[in-house]
Each structure stands twice: as C-alpha cells, then as structure tokens.
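A.B. asks: Protein chains in written order, with our numbering: chain C, 1 to 254; chain A, 1001 to 1254; chain V, 2001 to 2254; chain H, 3001 to 3254; chain Y, 4001 to 4254; chain P, 5001 to 5254; chain R, 6001 to 6254; chain B, 7001 to 7254.
Even glycine gets a Cβ: it sits at the ideal position worked out from N, Cα and C.
Before I ask anything, let me first share the structure, which is written out below as structure tokens.
Protein chains: 8
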Amino acid sequence: MGRIKIEHILKNVQNGTLSIEEAKNRLTLFDDIGFAKLDISRHERTGFPEVVYAEGKTVEQLVDILKQLKKKTNRVLATRVSEKQAIIVHEVLPELHYNPAARTLSWIHPDEPQSRYQGYIAVVCGGTSDIPVAEEAVVTAETFGCKVERFYDVGVAGIHRLFNCIEEIRNASASIVVAGMEGALPSVLGGLVDHPLIAVPTSIGYGANLNGVSALLSMLNACAPGINVVNIDNGFGAGYNAAQILRISGRQEK
Amino acid sequence: MGRIKIEHILKNVQNGTLSIEEAKNRLTLFDDIGFAKLDISRHERTGFPEVVYAEGKTVEQLVDILKQLKKKTNRVLATRVSEKQAIIVHEVLPELHYNPAARTLSWIHPDEPQSRYQGYIAVVCGGTSDIPVAEEAVVTAETFGCKVERFYDVGVAGIHRLFNCIEEIRNASASIVVAGMEGALPSVLGGLVDHPLIAVPTSIGYGANLNGVSALLSMLNACAPGINVVNIDNGFGAGYNAAQILRISGRQEK
Amino acid sequence: MGRIKIEHILKNVQNGTLSIEEAKNRLTLFDDIGFAKLDISRHERTGFPEVVYAEGKTVEQLVDILKQLKKKTNRVLATRVSEKQAIIVHEVLPELHYNPAARTLSWIHPDEPQSRYQGYIAVVCGGTSDIPVAEEAVVTAETFGCKVERFYDVGVAGIHRLFNCIEEIRNASASIVVAGMEGALPSVLGGLVDHPLIAVPTSIGYGANLNGVSALLSMLNACAPGINVVNIDNGFGAGYNAAQILRISGRQEK
Amino acid sequence: MGRIKIEHILKNVQNGTLSIEEAKNRLTLFDDIGFAKLDISRHERTGFPEVVYAEGKTVEQLVDILKQLKKKTNRVLATRVSEKQAIIVHEVLPELHYNPAARTLSWIHPDEPQSRYQGYIAVVCGGTSDIPVAEEAVVTAETFGCKVERFYDVGVAGIHRLFNCIEEIRNASASIVVAGMEGALPSVLGGLVDHPLIAVPTSIGYGANLNGVSALLSMLNACAPGINVVNIDNGFGAGYNAAQILRISGRQEK
Amino acid sequence: MGRIKIEHILKNVQNGTLSIEEAKNRLTLFDDIGFAKLDISRHERTGFPEVVYAEGKTVEQLVDILKQLKKKTNRVLATRVSEKQAIIVHEVLPELHYNPAARTLSWIHPDEPQSRYQGYIAVVCGGTSDIPVAEEAVVTAETFGCKVERFYDVGVAGIHRLFNCIEEIRNASASIVVAGMEGALPSVLGGLVDHPLIAVPTSIGYGANLNGVSALLSMLNACAPGINVVNIDNGFGAGYNAAQILRISGRQEK
Amino acid sequence: MGRIKIEHILKNVQNGTLSIEEAKNRLTLFDDIGFAKLDISRHERTGFPEVVYAEGKTVEQLVDILKQLKKKTNRVLATRVSEKQAIIVHEVLPELHYNPAARTLSWIHPDEPQSRYQGYIAVVCGGTSDIPVAEEAVVTAETFGCKVERFYDVGVAGIHRLFNCIEEIRNASASIVVAGMEGALPSVLGGLVDHPLIAVPTSIGYGANLNGVSALLSMLNACAPGINVVNIDNGFGAGYNAAQILRISGRQEK
Amino acid sequence: MGRIKIEHILKNVQNGTLSIEEAKNRLTLFDDIGFAKLDISRHERTGFPEVVYAEGKTVEQLVDILKQLKKKTNRVLATRVSEKQAIIVHEVLPELHYNPAARTLSWIHPDEPQSRYQGYIAVVCGGTSDIPVAEEAVVTAETFGCKVERFYDVGVAGIHRLFNCIEEIRNASASIVVAGMEGALPSVLGGLVDHPLIAVPTSIGYGANLNGVSALLSMLNACAPGINVVNIDNGFGAGYNAAQILRISGRQEK
Amino acid sequence: MGRIKIEHILKNVQNGTLSIEEAKNRLTLFDDIGFAKLDISRHERTGFPEVVYAEGKTVEQLVDILKQLKKKTNRVLATRVSEKQAIIVHEVLPELHYNPAARTLSWIHPDEPQSRYQGYIAVVCGGTSDIPVAEEAVVTAETFGCKVERFYDVGVAGIHRLFNCIEEIRNASASIVVAGMEGALPSVLGGLVDHPLIAVPTSIGYGANLNGVSALLSMLNACAPGINVVNIDNGFGAGYNAAQILRISGRQEK
C-alpha cells in the first residue's frame, strides 16, 4: 500500500469526506483492506477459487468445506479424493462430478461458461500408468475455465506416435507433459514446440526410479530450454500453472 | 505432417504443377521441410535464436559462433561467459554487451525494437548473492524482447521489504523469483500474485544447503500453487520461460 | 566432582566427623552421589520427568510404566500413544488425559500449578495437516508447566493470516513453528520476532518432500538467524526445548 | 498493527491534533511505521544489529557497510572474513577486532557494557579442528553482550575430560556444543545439563562424514531431548540463538 | 527416410506408375510408411513382440491385450503377473504358461522353433532370493527364442561353487548375472569370461542395501570391464538385452 | 595350492604310491580337494556351521534345511524367524529353542560344551527398542560357543548408567554395541575400553534417522578408533564377528 | 578344470608319456595352466589386451607399462592420459597415437588388420560437451579392431538431427549412446533401433544434474527395453562392451 | 570405580595409612585416578599411544606434539602427514620414519621389540591406487607391534591372483582388505578365510562410485559374514582394529 493512497485517505478523513470507520477499514492491514481484500477480489475476477486437498480429511470435513465453497464460488475443485470419500460426498452434493482416474470432485456453476480463455492446453503423457496424474491436470485446467486436448500414450520409446500429433500439440497455448520412469518426454517435446511447457514427473517405475526422483531430475536438467517443472505426481499444480498462463494471455489482450 | 498435405503435394506432382525437386524438398523429413524448417521460421518470427553456452568453449569457438549468429539473427545471447572470454570476444565483436554480474554477452540489432511484447517481467531476488543468477534471467528476457523490472534484496527474512513493492510485482505478467539458502521466497510471493511465477533455486548457502538442492526441494514443495521450477542457478532457463509466456500472450491477442 | 570437595570429604573421614559409609555414598560415582543424584534432584526441582515413548510398547508395559511414574512424579507424559493403547490405559488410569490429535496421554497432579513460568510459548503452524505435530508440542509444554497460545493455519501461502496475529506471537517468550511441505514459515517468522524460535519440520507433503527432508533442509538453511531446528515430526522435542527456555528464564530471575 | 491504534491515529487527524504528514509516517506500512520501525527499535533495545556475511563481498563493499554500521549501531559484527579482507578493513577501521580463528571482525562501542545479561553461555567443542566454528559462536555471543566460557577439546572419545568440567557447564544458562565427525557430544551433554543446548555440526572429518551431514543427522536424532540444531558450521547461528535465550531471560525478569 | 527413396516415389507418381493413394501410404510419416512400418517389419523378422507389464493393469485389460497379441504375433510375454491375475487369464487363455517364480505368462506358437539362435545365454545368480529376478530373465530370453542355461546359487561368499561351473558359463554367448546385497558377483565373473555380461542388481538385502541401490552402484563401478547394467530387479530388461546380442550375432552371419 | 604340493602328488603317481583316483581327488579344484574341502574341515574344527536366513523362505523349506543341518552339525542357527514359522518348525523339531525377541531358532547338541572359548563378549545396547537386534547378536555368539554378558539400557542420554557397569564391560574380550537414533554409544564406549568393539546401527528412530542410515554414519565417523561397523540391524553379523575374535584368540594360544 | 582332464594328465604321468614338470605346469592352478593361461590365450586370440588407466600414475610408470605392453601385444591402449603425460610418453614411444579429445594413447601393430569384425559400431552423442567421452569409446572400440561410425550432436532437443541419420545408426551392429544433462537420448534411440545399445551417462550439466547421477538414473529407468548402462563418463567401458558384442558375433559365425 | 575400592581407600585414610593427598589423587575422578589413569596404564601395558592426525595442523604444532610424545611413549605415530610437513619435522626429529605412500611419520624406541604379538596381519588390496590406504594400515599395525604381510594387487577382476596367495592369507590372525570402485574383494575373501576381516572402502574410482560410498555400501552388505567395516580411506582405523584383535588374543593366552 503506497504512501500516496494513505495520504489520500488521511486527507479525506481530515476534510470529513471519509468516516473514521471507513478509513479504518481501508487501512487495517490484511483481512480488511490489505492483501486479503485483493485476494478476494482476485477470486471474483479470475474464478480461481480455493482448491481442497482431500487426503487426510474426514468425509465430514470434506462435505462441510465443499458445501461452503459451492455457495461462495462458481467453480469448485477437490483433489486426491478417494472413491470412498466421493460416494459419501455425492449423497449430499450430487452435482459434483467425480473423475475416478483423476480422483477429483469438481463442479462449474451452470451459468458459468465452460471455457473462458482463447486457445487450449495440450496434456501429453507417455504411458497409461501416467494417466491419473494427467487427468488431475486436465480436470484442474478445465475447472478453471480452460479448453484441454489430451495426447496420451505418446512416450519416447515409440516416438512416431508423438510425431503423429505434433502439429496439434504445437497449436496449443501451453503444454503439460506428464512422464514417469526416465522422464524424457519433456526434453523431446521441448525442442518441438514454441509455447510454455510444464513438466510433471510421476512416481511410475521401480528400482532406480527412486519414487519419481529420477524423472524429476531429468526434467530439471532437460537440455531443451522452456521447461517448467512441478513436484512429483503434482497434476494439480501443472493444471493450475497452465491455466494461469492462459488467463494472463487473456488479461494482456485488453 | 498430415496425410492431407501429403496428398496435396502428390496431386501437384501428378498434374505437373510441382517439380519433383520442390516436392522432394517439401517432403524430406526434417532439415528441409520438416521440423527444422518450422524451427527456422519460428526463429524468424519470434526472435528466439540459438543461445550459446560459453562454459567449456575455447575463445576461438566462441568468436566463430557469435560472428555467425550475429549475421543470421537479430538477437544474440551467450551465457556463462568468463571475463577473460569476454575481453577477447570484445576485440572482434565490440558491439556485444558484456554484463559482468550475469556473465552474458548480448546484442540486439539496432533496427530491432527493444521490447516486443506487452507487459513486463518482474525479476525478484532475496539476497545480493543471488543477483548474478537474477541478472542472467534479466539479460535473457531482455534479449528476447521483454521489458523487465528488477526487485532485488527483498528476501523473506525482512519481509516488509517485499511488501513495499508488492503492487508493482503484482502488475507484472510473469515473475521470476531467485532464491538460495532455504528458497522460501517463491512460496511467499506465490500466495500474493496471480500471474505465472518461475522459481530459480540458487546454490548460495553452505552446509545443509547441499549446493542448492535444499532451495530446489523447497520450491518443488511450495504450498502455494502456481510455481514453476527450473534447475539450480538456471537464470537463463527462467528468463527464456518467462519470455515464452509473454510471447504466447501476444500470439493469442491476434 | 572437583578435587576440593573430595579433599573436604577425606578430611572429615580422617578426623572422624564422617563415617566411611557416608563418605562412600558421597564419592561413589554416578548412581549414588554423582550425576544420577543431581539428575533426580533436577527432576524434583524442575518437574521435567521421564517421558514415555509409547510406540512399540505393549499396553501392559505402558500401563506399568505410567502407574509407576504417576506415583513418583507430579507430571506424567506419554507420546505417540495410539487410540487403542489409550483406551486400555484409561481403564486403569482414568485420570490421564488423552489428546487424540497429539496422540498423548498426560497428567498433572491436582496440587501442582498449571503454569509455573512467566510468559507463554506461541505454537504456530501452517496447515491443518501439521496440527498433530503442533499439538504434541503444546501438550508437552503444558505438561511441563508452560502457558501456550496456539496460532494455527497461518502458512506462508496466505501470509496476511500470519500478520493478523503477529503481535501476539511477538509477545511470546519463545515460538514453536511447525511446517511441512517447503517449510518456509520459520524463515518468515524468524525475521519478525525477537525471541528464540524452534522450528519443527513435518513429513506432510508428497513426492519431492522426501518425507520431511525437504522441510528440514529449508529450516536448517533459513536466511533469518535465530532458528533452532529439531527432528522431523518431533513435536515433543520442540515442546521440551521451549519449556527449557522458559524455565531457564525463571531460574535467572532469582 | 491493530485496529485500535489505527483508530487512534485517525481520530487525531480528524480533530487536527496530528498532521497528515505525521499520520502518514505512522501508518505507512513497513519502512516507516510498520515492521521496520519496530525492527529498528528492536535493535536499539536489544543491541542485536545487522550482521555482515563477508564471503563473496569485495573489500570495498565490506568497508562501506562496516563504516555505516559503526555509525548507526554500538555493536558491529562481520563473519567469514578472510585474513586478506581483514587487513584492508583494518587500515580504515583499526578499532575492529579480527579473530583469525573465528574469521570475524567485531567491535563494541567503548560506552557499551561488555556483558548485558545475567549468566553465561558455555561453548563446548570436541576436537581442536572444531575450534574455528566454536570461536565464531563465541565472538557472536560476546558481541551481542553475553558472557561466554570456553570448554574446548572435551570430545566423547575421552569422556573423562568432559566430566572434569561438567559442573561449570551445568551452571551456564545455555550451552553451544560444536562437534564434527560422528557428532555424539550433544547427545552425551544433553543428558547431563538442564538448560537449553544448541548443537552445531561441523564439516570436520572425511569419507562417510559427507561434509558434515553425518554429524547433522546425529544431532537431529539425539536420544536426549532438549537439543536444538543449526546448520553445518553455523557458529554464528548458534551464538545468535544462545544470545536470544539469555536476552529473553532478562526480559522476563522485569 | 532418405531423399533418394522420396525422389523414387515422386517420379513414379509423376510417370503414373504409382497411385496417389499408394504414394501417400508410403510417405505418410510414421504409422504408415515411417518408423512404425519398419517397426512392424522388425517384429515380423525378429519375433520381439510388444511385452506386457501386468502390474497395475486390471485382469480385464490384461486378458484383452493378451488375446490380441496372441492373434497378431507368435510369441507372447507378460511380466509382473500376480498369481491372482494368472488364474483368471488361464481360464480364457489356457495355452499361456505361468511361471510363478518369474511371475510371467508366456506363449510360443507351436509352429515356432523353441530356439532360433546359435549359442546359449548363461543366467547366473548368487542366492536363492535372487531366483525370481533370474527366472524373469530366463523366461524373457526363452520366449524370444534363445537357449538358456541356469547357474543358480553360485554367490561370491562360496566362490568355489562358481568355479565348478565356470567353463560352461564361459562357453555361453552372453551372461546375465543377477545379484543382490553387495552385488559383487558380476565383478568376479567379469574377469573370468570373454563374452558380453549383463548385470542385474536386485533389491534383496536390508539396511544399507538401500533397496538395491548398493548392488546397483557396485555393478556400475565394477573394476572388470565388459559389464552392462540394467535397473534394479529388471530381469526382463536383462533377458531382452541378451536376446538382442544373440540375434545380432545371427544377423551378422549372413 | 602351491606347486610344491602338486609336484609331490605327481611324483607319487609316477612312482605308483598314489592311485590315479586318489590323486584326482586331491587335485580336483574346489569341491573335492580345493577350498570346499578346507571349508568343510573348517566347519568341523570351528563349529561355525551354515546359518539359515529364514525371511522369505516357506516353512517347508525351513523345516527341510533345519532337519538336514541338525543331522550334519552340532550347532544350528536360523535368524529372522517369524513366530508363525517357529510354531510349525517346533512341531517337527521341538528341540530347537525359539527366542522371540531375537527371532532366532537355535540348537546346540547336548554333547557340545556351551562355551568353547576363554573370556566373554559384552553385548551393550542403549534403548529397549534396540534389544531385538542385541538379542540376535547374543544368540548368534552363544550358538557359536561364546559366553555373553548383557548390558542393556545404558544409552548416552543417561551416561551414568553406562559408567556403573563399565568395568565389567572392560573385562570382556570383545564388545558388541547396538544403538539406534544418533548411534553415539560406540563413540563413548570406544574411548573407554581396550578390546575390539563391533558397532551395530539399528533402524530405531524416525524422521531424519533415515531408517538407520544416521546411526550407521555416526558409527563410521566415530572419533574413537577401534570401532568396527556392520550393516543396519545386523545383530547376526556382529555376533558372528565377535565369535571369530574369541575363536582366533583361542587358536593363537596353541 | 574338469576331473576328466585331470585324469588324463595323471594317466600320462603314470604311463610316463608326460614329465612331472610338464604335468605340474598343466595343473598349477592359475598363472600357469589355470585361468591365467586361458586368459593369455584369450588375449592372443581376441586382441583385447590389458588397458592402462593413466590417471594417478607417474610418467615413469606409464612409460614402463606401455613399453612392456607394446612388446607383448599388438594392440595397446591407455586411457585418461593428460596432455602432459602424453608429451613425455611420445618422446620414448613416438608410434603411440594421442587423441587429445579422448585423452587416449593407442597403437595397433602395422601387421594387424585395422578392422577384425563384420559390421560397425555407431557412437552417438547429443552435445559437443559429450564428445570427449564419446571419443574415448571410439578409440577403445577401434583399438580392439572394430569399425566405428560417429553421429555427434544429435541430441533430443533438436530431434530432427537424429532422424536425418537414423538409418545409418540402424544399420550398425551395436550403438553407444553418450548423453549428459537429462540423458534422454538412449530412451529415444532405444525405440528406433533393433540392436544392442550401450548408454553412457556423462557428468555434463550443472545443479540438479548431480555430476551425472541424473543422466545415469534416466538411462537405468529408460522405458525402451534393450538399454545397457555403464558408469558415468565411462567411454572406455562402453567401447569395450560394444567390441565384445561384435567379437561374440564373429565367434558364432564359425 | 567400584564401591569396594572406594571403601578400601577411605578405610586407609581413616586408619592413617593413606595420606589425604594420595587418597585425593586416587579418587579424583578422571585425569588423576579415574579413567585417565587406567588409560595411561593401558598405554604403558599395550603400547597403543595417542595417534596424531596431522591434517590441518601447523608444522610447529606437529613438531611440539611429536616431541612430547616421543619423550612419554615408546611408539609414536602421525597420520595424514604431507611431504612438506615431513621434511620440516625431519629436521628436528630425524629418527622418525616417513612413509610417503602411507603419509605417516612413525617411530619405535630401539629398546622396544618390533613385534609383540603372535601371528600376523594380512593386508590385502585390489589395485595399485588403493596402496596408500593399505600402507597407512600397515604402518599403524607395525607401529603398534604387529607383524604384517602385504598382498597387493589381488583384485577380483583377476581373481586367480588372489588364489595364488590364499593360503598365506588364511594363515594370518586377521585380514585388512582395502578396495575401491565396487569394493567386492572383502565379499570374496570373507568366504575363504576363518579369521576376523576388516574391510576398508577407498574413494578410488569415479562417477557412480560417489567418492567411496559405493564401496562402503558393498562392504556393509557383503553376503559373507565376518566382515567388519571402517570409514572410507580409513587405513589407520583398520590397522588399529586389527592390532587390537592381535593384542586381545595375546591377553587371553595368560
């Protein structure tokens, strides 16, 4: 909060055009006029609501939070939801959609547009075992208003499959590339596309894959520039980050 | 390359409107009509040229490559250039600018616009020791045509300094956050901005920082979503990725 | 045991003012006059009794130990107690209080004062998943006679929540900061308070959090000075160390 | 900054007893009335000034910073100062004391009391190779106004040497225990003293010591409670933390 | 695909001896004329079909894939098949052979020769616990048409057992050496044979074996040259690589 | 096998004093006259029989092996035997003794002396959780004919307990020291005894103990010389190695 | 050595057709008739002589060993030879060829055929920085009599370059693939060729490449089967292993 | 110190047969009558004096300590002595012997017997690069009065060399086995000898040897029992531990 804004408020208090109560609200640090306020207005403006991480929460807690969110916001997302949690939540909140591969519960208000941004996100993955993480990215991006195209099972071990769809991937505004084992797919794709690419290592593999650390290191060391990396199995983070890229593009247009 | 395009070329060969030589060029896989061609046209269009990694190259090699690049492209960048290398390059190519903190040699053709995209990139770093990595990001982004604003020395240990400039950071289109030691700065900033954020861990610190692995892990595990991570000390990668985000924004506008 | 004390004892033996049996008791190394004796007197004086680590103990062992401790000391604490263990212990020792979040059994003799030291300990944590570790710290500190204030869910991803209660945290005599994932909270808080701060990394997170090693490294590398670190998930250790700080303050007053 | 204080300022502006300029100063967030002001007042009150980390700084930068600090504060400390840096600094600032073992430059204003707190800190270390880290802790604590007693060369491999001085260690208000190799000393001492203990692992050793990681892990896993750990070779951090404990004791006395 | 082949196709289109449809098929990038075609012809020629990794697949998926493969190819192999999966697959595809130690399902068409290459592969392992991994290698190599000789329980701790069969191992065309714990067997054998040796570390052991990482490192650092290493517990990979060596030998004969 | 012995055998064949069959037996490499023969004679002489590692073996396999060993040797030992395995083995081989803490089955022929060597082994451990590993060492050493004295619960956190029995430990011929968590006990004891000491790290602890790696590193870096280390939780190995030391002492006496 | 051979020798001694001296030679275990003899005959037959690792050897030692080897064998190879070592060796042994990139000294007797096996080895590498390791592999394979084709600078970040030469790589009998940073090249190539592939990780890169461990893990986890891995920077090992594959092919032809 | 001894001293004080000064000496805890006294008597009896670790000591310090030791004890040993340190020490103490491979300075009083124990220690190593560590073990054991036999260059890659001297190794009372790279030698030797074996991993190797951690892990996981492990490159520790085994054997004889 700059000194100029503060001066403006103070002058208005001095000359009586602003009540003390209102001035206090504007100056009170965070929840009231500070970051939180911006924060809330950001949610209203961008539709990126709070996302619920269901793991370790009781079904009661989950139902309560989702109910509240559904009232306050037009786009609801919960990740890492077990099938068991989903069944009980569904009894109370049948409108929420459960994606069993992604393990997500999501909902968009019927009045909301499915897609709010130009362009689309390509979600690419190498093996069928990586699909759950890829789907978490897909649902996240879609819930936040992005169009998504899936390009699954195009791993580097049979690279011709990747080349068959390379032009459609190239036309996306951002790519999410999900890969386990040696995690080489982002390196290959990074040299073929000219848009931002978010790489998600997965824990798929065994032995020297070290539960995904091997794929993570590969992606951080990718010889192709332009590769952004998120945590192992973090499909949500990748979907969120890609959605931010689409949204910022939209913001700049104006 | 889709079947439809191939059919089109073949028909033109059959009806004589396309010479075999030309058809051959269009069909030859990569260097000629394939990815490489697109690649070259991408460079022409976007101005993201080949970047030279100077470490381990002899000065002769460096001079040769930079000379050639300067002829072929309007934007030249070399990273990890030692002062010794820079002095000799300068004798031959005095137009290249050496940034001793960033250890970069860069050049933009006088006819080229300094800035080609709307908006700006915020480059934020916590300690003075992180500045070399931050400067590498700055020079990379600027050479690729982005406007950059620096926010240095705003680390979490004195978080009020960050808050003093938070609004200007928030107004950027993307942020690059450079931090060593515990690498906490991206987590804090990630909760305060609503644009894409690229986190660069640095190897600054000692002991349990494990040469930057500690900061890297922090950033990958950041509780704030929206954080993209690159390799330790990879200022170039962060600048490149941020420039891609600005460029993709521009592309969508049309 | 200094030479002067020994000389004193010997002289008294020589001149007959001290019996051999008594002199032997005073000189016998540890259990009798040595460290153990001091040890026991320390317990009597400070009320920091033996603490029981319940994990891996049979319920019978647990009941036996707790019964004995309850007779010998006024403050009893067992950590890592499963719900199953707690139920059976309760049948025999219904006075012990079970905190299911902290997984502790604790008891303070009715004649003992709840709080024995001036000031209070602030227990701060970032996410709801970190609460069990935070509660273990709370129960430990309270059982040892400290006043505790809880500041939960004030993580760095929404830093304004931290600032809303910063003055109350600043007024504490020591802080315990519990954080998982990237473990950034102690760094931020370390720059805002001027009392000793004990940081507890938790194993909360996934993938590159490496079961808490990521948060542990963050805290060890914190750029803010004044941060003391304990083992991953070691809420007990943090509570104990903070209580020691409060007690030593009390000791110096005299 | 609480709402009540803000209301008070606003009322004084409204009723004209406070000028806008002054109110602006009081309300401007950080540098002016916010955390920074508290920060500065904290320094005045506690004498814990900014500490300079000399590694990687040019001698010019070092001289400038130290000159400025010496004007603004009564206690100046720079750590990791090379002998070469120290010699040049000495030409300009001959009052600063260089401790070649600790590699520190320090200065206390002649008007300041050497010792400001009751009690003393015991600095204990196991081998002569650990002395530089121990000395950094000593100088830090002394510069911040603490009395320090050294107990060097009392490692666990000849534990009788530790027992010869155990009573003097026990009488301290806090201990700093510096140990390399297997880092066992804090475990042993932790069971013998009843005051806060700060353990500093050092990188002394070879092979499987993994540059201090072995000692660090030992200290984090110490079976004795009451052990606070700082980063490898972080003598400064230990001295700072111990000084905070002495100071907080003093604060509570009032 | 070389320019000469493309020219040839184009000329035939121009002179009418090749229809556009056929030319299109030949030129279409991957699946049709590109790498995939070569790929398919490779399978026909070498009999190295797609191999199914059963872990994480539902029994339905497994049955479907195996049915399809059995129609398309003469040699079927599935690895990491649980006993439970095998029982259900057997109801539908009783011809498939289940090896419970190797956890494989395999089938060779009755018209196919059991062995297609000269020479044999020696599969050597040190302890009975390593047999499952060794058997996976055996079944893989046999399914791909190789003759295999087993040399089990010849670990380095009783090296005379190895020497009793060393001549038969020496007469093989390639060896697969499976070892857990310290993984020393390949080093010893590597100095005694003059054919290619593939080393497979296993996760057998405890404590400092780090789930097979210890054996893996041993094999990578073997002082005997000529040792090729695959992932921990990767019996399939070793069998596949050894089969490739036998096949390439056969190819060169012509 | 030296050339001189071979010459001797050959001469006897030449001069007819040795049959070809007998000469063949003496020269055949391993099983017959080579290492294996020595091996067998070693077992007869030393009573160190094959030891059975029960983990991962079926009860049938276990019964078969133990039956055979019981016929061939006077001292039988199986380690890592589950209670379930033990119960079934007991039905067939009721003479074998099951130690539930050590998880061992052991048997010494009634005609064999309990103790075959002078002196005794001290088995020392710090916490009750380490007892299973200590007991495995005890049973191993006793089965191989050594006298053992137990010194349990003498950890470094209450070092006076160790000093109370230090003289009895000092009088042993070798010590086995079992410790988890920070593994400091061998360092302390190593400075107090003058006989060989075998340190066993255990996986007891949590968080930064890294499943015993922390204790292992401590012991390898112990500042006291004279410390031999075995694998994490390897009580058997320690018992075996200590028994070898006692036996070699006996051998030298003659 | 089988019992039958021994019987044969003994019978000949008995019947006087074999002198004791000769029989002794044949029976003496290793150096004389055992493995060493086979070893020497292997060298004569295969031309795989002892290879000299020059690092850490004095120039005198190096000259002595190389002189001796040059007398005894027709193919001499020394690896890791510094330029300084090479210059001095050259004064004495000017026939040895020094490859400054590979850091090898090598020599083939003029009477020896350059190439002794059918087919060729493809040596593929991604970046110019990997060339030293690739050249070590090339020189090793060539010295052992293999034909080699180089395919340098065909990394995955510009995968079209790889495809331009894929058919020539496919026609090789074995491939050596050298890659640093993320080490993705073997994965891609593994899906495109049907001959044995040896992957060599290099230490090229920085930060999270962990001195080559990242590339090593990638290669061990490659999703394409058929990939054999050697130690980081071990060009020699790869050349040796590939030469063994070519030689074994030749052996089977007979 | 037992209660009985204390009672005895006290009675003598009481009845006047012991002066207070003398009783004080006997009772004063460590340096005087406690462990240190025993310690000194241990040195006198066993000749295991204090050993000097020269690394990091100034030449002045080194000379002072060695001078003092030479007066007080008959056997002097300093390890990790650089050639530069040795030259200057030699000027003052020309009797000390410098072993440049072992980097030791050692001296035995002319009146002392070279060898004080029965039997000998076999020091075995695999490669010439491991000799410095092996020599440190040799000098340590010899200085402490043990006879040593060297068996160098008998690595597992040419295992016949090991077998040529196996009987002489078997006749030793203890073996020290020094090995770098994959560290397999102790595993092989452990199965062939029946005396205590001390394994020393060395840092020799590159890449995945991780500076000796690979060899260390191999030795800890050795499948042969009876292997004691010391720190990487710790030749001194191995020599010390082997000497202790020989000495304890001697002690038991009486």
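For ALA6122/R, which residues does DSSP report across the bridge?
C.D. replies: In the DSSP output, where bridge partners are listed per residue, ALA6122/R has GLU6149/R and SER6175/R.
A.B. asks: Among VAL6156/R, LEU6192/R and VAL6124/R, which has the Cα closest to the Cα of MET6181/R?
C.D. replies: Ranking VAL6156/R, LEU6192/R and VAL6124/R by Cα distance to MET6181/R puts VAL6156/R first.
A.B. asks: Helix, strand or coil: how does DSSP classify VAL5154/P here?
C.D. replies: DSSP places VAL5154/P in coil when its eight states are reduced to three.
A.B. asks: Does the beta-carbon distance from ILE4159/Y to VAL7188/B come in below 7 Å?
C.D. replies: Cβ distance < 7 Å, so ILE4159/Y and VAL7188/B count as in contact.
A.B. asks: Could you tell me the distance, in whole angstroms, from the CA atom of LYS2071/V to the CA atom of VAL2123/V?
C.D. replies: Each residue's Cα considered, the two are about 30 Å apart.
A.B. asks: LEU5077/P bridges to which residues according to DSSP?
C.D. replies: Note: LEU5077/P sits in a beta bridge opposite SER5106/P.
A.B. asks: Does DSSP put TYR1117/A in a helix, in a strand, or in coil?
C.D. replies: Residue state, collapsed to three classes: coil.
A.B. asks: Three-state secondary structure (DSSP) at ALA1137/A?
C.D. replies: ALA1137/A: helix per DSSP, three-state reduction.
A.B. asks: Since GLY2205/V meets chain A, which of its residues come closer than 7 Å, beta carbon to beta carbon?
C.D. replies: The answer, in chain order, is ASN1221.
A.B. asks: Which of the three DSSP states is assigned to HIS7097/B in this structure?
C.D. replies: In this structure, HIS7097/B counts as strand in the three-state DSSP scheme.
A.B. asks: If you follow the alpha helix (DSSP H) that ILE5088/P is in, where does it begin and where does it stop?
C.D. replies: Element bounds for ILE5088/P: 5083-5092.
A.B. asks: Between the alpha carbons of VAL3052/H and TYR3117/H, how many angstroms are there, rounded?
C.D. replies: Cα-Cα distance, rounded: 23 Å.
A.B. asks: At which residue ranges does the segment 158-218 of chain C contain complete beta strand (DSSP E) runs of 3 or more residues, listed in the order of the chain?
C.D. replies: Qualifying beta strand (DSSP E) stretches, in chain order: 174-179 and 197-201.
A.B. asks: Taking a Cβ distance cut-off of 9 Å, strictly less, list which residues of the segment 2140-2158 of chain V are near chain P, in chain order.
C.D. replies: If the cut-off is 9 Å between Cβ atoms, the segment 2140-2158 of chain V has nothing near chain P.
A.B. asks: Let me know the secondary structure DSSP gives ILE3227/H once reduced to three states.
C.D. replies: Here ILE3227/H sits in strand by DSSP.
A.B. asks: Got a sec? Which residues, its chain only, sit under 8 Å from PRO225/C by beta carbon, not counting five neighbours each side?
C.D. replies: Only GLY190 meet the Cβ criterion.
A.B. asks: Would you verify that the beta carbon of GLY7056/B is, or is not, closer than 7 Å to some beta carbon of chain H?
C.D. replies: Yes, contact with chain H.
A.B. asks: Is there a C-beta anywhere in chain R that falls below 7 Å from the one on ASN1231/A?
C.D. replies: Chain R, which has a Cβ nearer than 7 Å to the Cβ of ASN1231/A, makes this yes.
A.B. asks: Report the option in GLN4068/Y, VAL4076/Y, VAL4059/Y and ILE4166/Y whose CA atom is closest to the CA atom of ILE4088/Y.
C.D. replies: The option with the nearest alpha carbon to ILE4088/Y is VAL4059/Y.
A.B. asks: Would DSSP call VAL6013/R helix, strand or coil?
C.D. replies: Residue state, collapsed to three classes: helix.
A.B. asks: Using a Cβ cut-off of 9 Å, which residues of the segment 7060-7086 of chain B contact any Cβ in chain V, in chain order?
C.D. replies: Residues: none.
A.B. asks: Following a CB-centred definition, is LEU2192/V positioned closer than 6 Å to any heavy atom of the ligand FMN?
C.D. replies: Absent from the structure shown: the ligand FMN. Ligands present: none.
A.B. asks: Against chain A, does GLN4014/Y count as a neighbour if the rule is that its beta carbon must be under 7 Å from one of theirs?
C.D. replies: So, interface residue.
A.B. asks: Name the residues in the segment 2102-2124 of chain V whose C-beta lies less than 7 Å from a C-beta of chain B; which are they?
C.D. replies: Listed in sequence order: no entries.
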